[in-house]
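Quick notes on the structure that follows.
2 protein chains.
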Amino acid sequence: MSGADAGTPALRVTISDVAAAAGVSRATATRALKGEGRFAPETQERILEAAERLGYVRNTMAAELAAGRTGTVGLMLRDASNPAYGLLFSRLQEEAHQRGLDLVTVTIGADEQGAKQVNALHRLLGMRVAGLIVATGGISAAQLEPFADQVPILRAGRVESAGRIHTAHYDDEGHGRLLAEHIVALGHRTVVVLAGSPEASYPEHLRALAMQEVLTAAGVAVTMISAGARPEDGVDEALAAVRAGATAVMCASDYRQLAVMRAARAAGLRVPGDVSVTGCDGILPGADLLGLTTLRIPVEAVAAAAVETMQQLLTADGPETLVRRSFTGTLVPGSTAAAV
Amino acid sequence: MSGADAGTPALRVTISDVAAAAGVSRATATRALKGEGRFAPETQERILEAAERLGYVRNTMAAELAAGRTGTVGLMLRDASNPAYGLLFSRLQEEAHQRGLDLVTVTIGADEQGAKQVNALHRLLGMRVAGLIVATGGISAAQLEPFADQVPILRAGRVESAGRIHTAHYDDEGHGRLLAEHIVALGHRTVVVLAGSPEASYPEHLRALAMQEVLTAAGVAVTMISAGARPEDGVDEALAAVRAGATAVMCASDYRQLAVMRAARAAGLRVPGDVSVTGCDGILPGADLLGLTTLRIPVEAVAAAAVETMQQLLTADGPETLVRRSFTGTLVPGSTAAAV
DNA sequence: CTGAAAGCGCTTACAG
DNA sequence: CTGAAAGCGCTTACAG
Numbered sequence: 000m001s002g003a004d005a006g007t008p009a010l011r012v013t014i015s016d017v018a019a020a021a022g023v024s025r026a027t028a029t030r031a032l033k034g035e036g037r038f039a040p041e042t043q044e045r046i047l048e049a050a051e052r053l054g055y056v057r058n059t060m061a062a063e064l065a066a067g068r069t070g071t072v073g074l075m076l077r078d079a080s081n082p083a084y085g086l087l088f089s090r091l092q093e094e095a096h097q098r099g100l101d102l103v104t105v106t107i108g109a110d111e112q113g114a115k116q117v118n119a120l121h122r123l124l125g126m127r128v129a130g131l132i133v134a135t136g137g138i139s140a141a142q143l144e145p146f147a148d149q150v151p152i153l154r155a156g157r158v159e160s161a162g163r164i165h166t167a168h169y170d171d172e173g174h175g176r177l178l179a180e181h182i183v184a185l186g187h188r189t190v191v192v193l194a195g196s197p198e199a200s201y202p203e204h205l206r207a208l209a210m211q212e213v214l215t216a217a218g219v220a221v222t223m224i225s226a227g228a229r230p231e232d233g234v235d236e237a238l239a240a241v242r243a244g245a246t247a248v249m250c251a252s253d254y255r256q257l258a259v260m261r262a263a264r265a266a267g268l269r270v271p272g273d274v275s276v277t278g279c280d281g282i283l284p285g286a287d288l289l290g291l292t293t294l295r296i297p298v299e300a301v302a303a304a305a306v307e308t309m310q311q312l313l314t315a316d317g318p319e320t321l322v323r324r325s326f327t328g329t330l331v332p333g334s335t336a337a338a339v
Numbered sequence: 000m001s002g003a004d005a006g007t008p009a010l011r012v013t014i015s016d017v018a019a020a021a022g023v024s025r026a027t028a029t030r031a032l033k034g035e036g037r038f039a040p041e042t043q044e045r046i047l048e049a050a051e052r053l054g055y056v057r058n059t060m061a062a063e064l065a066a067g068r069t070g071t072v073g074l075m076l077r078d079a080s081n082p083a084y085g086l087l088f089s090r091l092q093e094e095a096h097q098r099g100l101d102l103v104t105v106t107i108g109a110d111e112q113g114a115k116q117v118n119a120l121h122r123l124l125g126m127r128v129a130g131l132i133v134a135t136g137g138i139s140a141a142q143l144e145p146f147a148d149q150v151p152i153l154r155a156g157r158v159e160s161a162g163r164i165h166t167a168h169y170d171d172e173g174h175g176r177l178l179a180e181h182i183v184a185l186g187h188r189t190v191v192v193l194a195g196s197p198e199a200s201y202p203e204h205l206r207a208l209a210m211q212e213v214l215t216a217a218g219v220a221v222t223m224i225s226a227g228a229r230p231e232d233g234v235d236e237a238l239a240a241v242r243a244g245a246t247a248v249m250c251a252s253d254y255r256q257l258a259v260m261r262a263a264r265a266a267g268l269r270v271p272g273d274v275s276v277t278g279c280d281g282i283l284p285g286a287d288l289l290g291l292t293t294l295r296i297p298v299e300a301v302a303a304a305a306v307e308t309m310q311q312l313l314t315a316d317g318p319e320t321l322v323r324r325s326f327t328g329t330l331v332p333g334s335t336a337a338a339v
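So the protein sequences, as listed, match chains X and S. So that you can map any letter, position 22 of the first sequence is 21 in numbering that gives the first Met the number 0, and since no number is skipped, the others follow by simple counting. So that you can map any letter, position 250 of the second sequence is 249 in numbering that gives the first Met the number 0, and since no number is skipped, the others follow by simple counting.
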């Protein structure tokens, strides 16, 4: 309440201050403040009043250190400027709030090296979080697994093959299939599939493989383009294939779809007149106005499952079994893809 | 490294384990691990090797409690599903990373009551963060100020009039002015301004007031609509005004602009043939394809200034002066607004 | 260059 | 119903 001098941080009020002000021991103050254990109602009242008056805020670090446990779940997040991750983040928070789970988040840039990823992981583990939700593909199972016996780890959004990591993930293959079936149904016989390489984006890669499978099985001629991480990567190549006869470009993400539409417009190609285009994600605001043909990924369901599963893992008493939950989104037919 | 039984968390290795394994005291282990103070190079090597081998992760809570300080800055964030906040979040993280500042984030839903907002604040203060960056309008200066003498507090994105809170904010009034001047230049004489009410969105309110001022000063007839928080709120009213003669609808956000375009399309009104529309934010992916007339808010500059300022505040030795930095974005003329 | 000791703020059995 | 005591894992002067 004093010490407003700059440079000298104000003295924080501790539980000892509160206890003294209320004329009790620290032990009693602790109990009354938490509302656990035995204490006289009027004693509690006095303690609560003192805490309020002094502006007491419990030191979480000390409390958790002493109690030997943490009520916080760590969340590793990828760059939230991508709306798909932004929304996932938002939903995870929302779910956690509703279930009374405290979440502490650290993010890692998409471009960061393994060392930084591990660093972020250590920061969370250093806080002795009770569980870990990983919502970034940037960190591998190998980096995660050593800690799987210390704390439950769940990957959100992406499949995971490693033994001890739980998941709540998108059905990327199913998504690729649904989109490809739509294109087949529209009668396209020569199609470009434009996706990030496995290194650039594993989910995109999975979608692309599934698309290829469905298209090929339907007798469609497929040109696969394995591109870099940036949306504009591979776009020129895709348009070249269009000029060579392809009637549709299937993109593994809406960002790529936008890039293709931009380039098509610049090149004087009409969508869907000259070329049909599809994407995947379906969460861009304004996607409807653009008429994007896409697939809405089930962000809400994945977020809910992730938090629910984590909560179960935290309260599990029996031996823990591996949880793997997959969620399929819904096709959004738009005006960017038409029958040939 | 044992205790893989479910239910029984593995024993975490402590610095005592590392010290014992290396045959030194905990004090020496601490120094060598941090690389501070004096120690024999070969001793350090032994300690580092032991830590590595045992899988030691320093307990941050204990370390900071003992050291009496924190290296972490708290970030209070609003729902990141809004791209404007998602991008701000992303940039803040990026900047913090680059400057070696650790950020720990808690979010609060847009709809949450004051109690929850304060709760989130307490969670951060309970972690004894070294500083606080507030990137949500949901928490008031009055709630923040009591803590301003314990820790530097900076509001990012939004102006702040309270005495002890620093800011790095958008020039909302300037943004409103720039957009209004554009509409005036296009020759519109009857205009609707559609914005959230002060309670729904204070920044939108500021933009709207500035628009009104510029429009009125130019002799334009203005209809002000003070709407709810949802993008579709007030849209019907706006279209009614258009039917009554208004030639332009100025929205205080891109979300509202999209809602107006959607409704206009449904009502058979052409944009910009029958009505010009403007927004504000300019960060929607695909905004260019839609031809949105908007204003790109300077997210990057605000984020950089916020982190930079916070870092200065943390290392300041002299008496701290109030920092208030404002940033103006750039007009993005699109195809949704045309001359009458 | 290294270690013994005290202490950070809080909680938890255990006695009363 | 309440308090004294020990301890959570680590760091920091202070002696050696």
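Where a beta carbon is used, it is the ideal one built from N, C-alpha and C, also for glycine.
Contact set between GLY85/X and chain S, taken where Cβ atoms lie within less than 7 Å: Neighbourhood of GLY85/X in chain S, by CB distance below 7 Å: ALA79, SER80, PRO82, GLY85, in chain order.
Contiguous beta strand (DSSP E) assignments of at least 3 residues, all confined to the region 238–309 of chain X: Taking 3 residues as the shortest admissible run, the region 238–309 of chain X contains the following complete beta strand (DSSP E) segments, listed from N- to C-terminal end: 247–250, 275–277, 293–295.
Simplified DSSP assignment, three categories, for ALA134/S: Residue state, collapsed to three classes: strand.
8 Å Cβ shell around VAL331/X - same chain, five flanking residues per side excluded: So the qualifying residues of the chain are GLY281, ALA286, LEU291, THR292, THR293, LEU294, ARG295.
DSSP-derived helix/strand/coil call for LEU193/X: In the structure shown, LEU193/X falls within a strand segment according to DSSP collapsed to helix, strand and coil.
Expected contact under 8 Å - CB spacing of ALA129/S and THR71/S to nearest Å: That pair is a contact at about 6 Å.
Buried or exposed (CB count within 10 angstroms, at least 16 for buried), ALA220/S: Its Cβ having fewer than 16 others within 10 Å, ALA220/S is exposed.
Chain S contact for ASP101/X (CB, 8 Å cutoff): Judged by the 8 Å Cβ criterion, ASP101/X is in contact with chain S.
Other residues of its chain near LEU124/X: CB distance less than 7 Å, five sequence neighbours each side excluded: Around LEU124/X: PHE146.
Three-state class that DSSP yields for ILE164/S in the structure shown: In this structure, DSSP gives ILE164/S a state outside helix and strand, which the three-state scheme calls coil.
C-beta atoms of ALA209/S and VAL234/S nearer than 8 Å: For ALA209/S and VAL234/S, no; Cβs fall outside 8 Å.
DSSP-derived helix/strand/coil call for THR314/X: Three-state result, THR314/X: helix.
Under the three-state DSSP convention, the category SER15/X falls into: Three-state DSSP puts SER15/X in a helix.
Minimum C-alpha distance to ALA79/X - residue among ARG98/S, THR104/S, GLY67/S, GLU63/S: The residue from ARG98/S, THR104/S, GLY67/S, GLU63/S with its alpha-carbon nearest to that of ALA79/X is THR104/S.
Under 8 Å from the C-beta of TYR254/S: neighbouring residues of chain X: Residues of chain X passing the Cβ test: PRO284.
Neighbour-count burial assignment, GLY333/X, 16 or more Cβ in a 10 Å radius: Under this definition GLY333/X is a buried residue.
GLY272/S at chain X interface by Cβ criterion, 8 Å: Taking 8 Å as the CB threshold, GLY272/S stays off the interface with chain X.
GLY175/X and LEU205/X closer than 8 Å at C-beta: One thing to note: GLY175/X has its Cβ within 8 Å of the Cβ of LEU205/X.
Between the CA atoms of PHE88/S and GLU203/X - distance to the nearest angstrom: Looking at the two C-alpha atoms, the distance is approximately 25 Å.
Cutoff 7 Å; reference GLY156/X; Cβ partners in own chain excluding five residues on either side: Within its own chain, the residues whose Cβ lies closer than 7 Å to the Cβ of GLY156/X, once the five positions on either side in sequence are excluded, are LEU87, ALA134, HIS168, TYR169, VAL301, listed in chain order.
Chain X contacts made by the region 38–58 of chain S, where a contact means CB separation under 8 Å: So the list reads GLY54, VAL56, ARG57, ASN58, given in the order they occur along the chain.
ALA155/S, enclosing beta strand (DSSP E) - first and last residue: 152–156 is the extent of the beta strand (DSSP E) around ALA155/S.
ALA207/X beta carbon less than 8 Å from that of THR228/X: According to the sequence as given, residue 228/X is Ala; it is not Thr. Not a contact, by the Cβ cut-off of 8 Å.
Contacts around PRO230/X, its chain only, beta-carbon distance under 8 Å, and the 5 residues preceding and following it disregarded: The answer, listed in chain order, is SER252, TYR254, ARG255, LEU257, ALA258.
Contact between the region 272–279 of chain X and the region 56–68 of chain X (3+ Cβ pairs under 8 Å): As far as the Cβ criterion goes, the region 272–279 of chain X does not touch the region 56–68 of chain X, which means the pair count is below three.
is_contact[HIS121/S, chain X] using C-beta, thresh 8 Å: Chain X contact via Cβ: present.
8 Å contact criterion, which THR189/S and ALA226/S should meet: CB distance rounded: Rounded to whole angstroms, the Cβ separation of THR189/S and ALA226/S is 19 Å, and the two are not in contact under 8 Å.
Short CB-CB distance (under 8 Å) between VAL192/S and chain X: Chain X has no Cβ within less than 8 Å of the Cβ of VAL192/S.
Partners in chain X for ARG127/S, counting only beta-carbon separations shorter than 8 Å: Neighbours of ARG127/S on chain X, chain order: ARG11, ASN58, THR59, MET60.
Any chain S beta carbon closer than 8 Å to GLN92/X: Yes, because at least one Cβ of chain S sits closer than 8 Å to the Cβ of GLN92/X.
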